Amino acid sequence: MSTTIAPDVTLTASAAKRINAILAKQDGADYLRVSVEGGGCSGFSYKFDFASEVNSDDLLVERDGAKVLIDEMSLEFLNGAEIDFSTELIGAAFKINNPNATAACGCGTSFSI
1 MSTTIAPDVT LTASAAKRIN AILAKQDGAD YLRVSVEGGG CSGFSYKFDF ASEVNSDDLL
61 VERDGAKVLI DEMSLEFLNG AEIDFSTELI GAAFKINNPN ATAACGCGTS FSI
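Using full-length UniProt numbering, the first residue of the sequence shown is number 1, and each one after it goes up by one.
Structure (structure tokens):
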């Protein structure tokens, strides 16, 4: 018997605004896909891609017209996370505030559990 995780991933208003701006310039892409892969300096890394279709195992997260897809495997690592977009002096980037991560690298794109 498998346990179903109640998906709980959110987007901030800032992330939704930036996703909408990026997707408006992408020909044929309707979604931002966020996934987790093995690798990076802390063990796992976040990957951002564009997608034109929803897969059967995708979770669709929406806010203010922005649409983000997360596959079932990645959702195990992202459950409870908040996807944000931050503009700072050193640059602008998507940031994932992930309560499952026990450590993260300085650049914020890799983490460990």
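Just so you know, even glycine gets a beta-carbon here, dropped at the ideal spot from N, CA and C.
Keep in mind it's a predicted model, so treat the numbers as computed, not measured.
Residue i burial status per 10 Å Cβ neighbour count (16 or more: buried)
i: A66; result: buried
i: S74; result: buried
i: A15; result: buried
i: L89; result: exposed
i: N55; result: exposed
i: K25; result: exposed
i: N98; result: buried
i: L60; result: exposed
Bounding residues of the beta strand (DSSP E) (the contiguous stretch that carries residue i)
i: K95; result: 91 to 97
i: S35; result: 31 to 38
Residue i: first and last residue of the uninterrupted alpha helix (DSSP H) it sits in
i: residue 136; result: This structure gives no information on residue 136, because the portion of the chain shown stretches from 1 to 113.
i: E72; result: 72 to 78
Residues bridged to residue i (per DSSP)
i: L11; result: I83
i: L69; result: R33, L60
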